[in-house]
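**Q** Residue numbers (full-length UniProt numbering): 1 to 76.
C-beta atoms are modelled at their ideal positions from N, C-alpha and C, and glycine is treated no differently.
#1: In the DSSP assignment, the alpha helix (DSSP H) including residue 46 goes from what residue to what residue?
#2: Could you give the C-beta distance for residue 10 and residue 29, rounded to a whole number, given that I count them as a contact under 8 Å?
#3: Rounded to a whole number of angstroms, what is the C-alpha to C-alpha distance between residue 47 and residue 16?
#4: Within 10 Å of its beta-carbon, does residue 32 have 16 or more other beta-carbons around it, so buried, or fewer, so exposed?
So, in structure tokens, the structure goes:
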């Protein structure tokens, strides 16, 4: 079900790493799975956990900020 998403995200991550935009010591396939799981968990929490006090747009923005920050922060 998620295979196309895994492939697309992994290719985007590889491109970002190759271009020096992403710094990660985590294996690419593991990083891809973590991101997919984070997105899925956030969606489930929002829709099934009755956390709809925040707009979908705001949740998406916060998720994007979290993911992009984790991929671009200097990691020792």
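**A** According to the data block:
#1: 28-48
#2: 7 Å
#3: About 31 Å.
#4: buried
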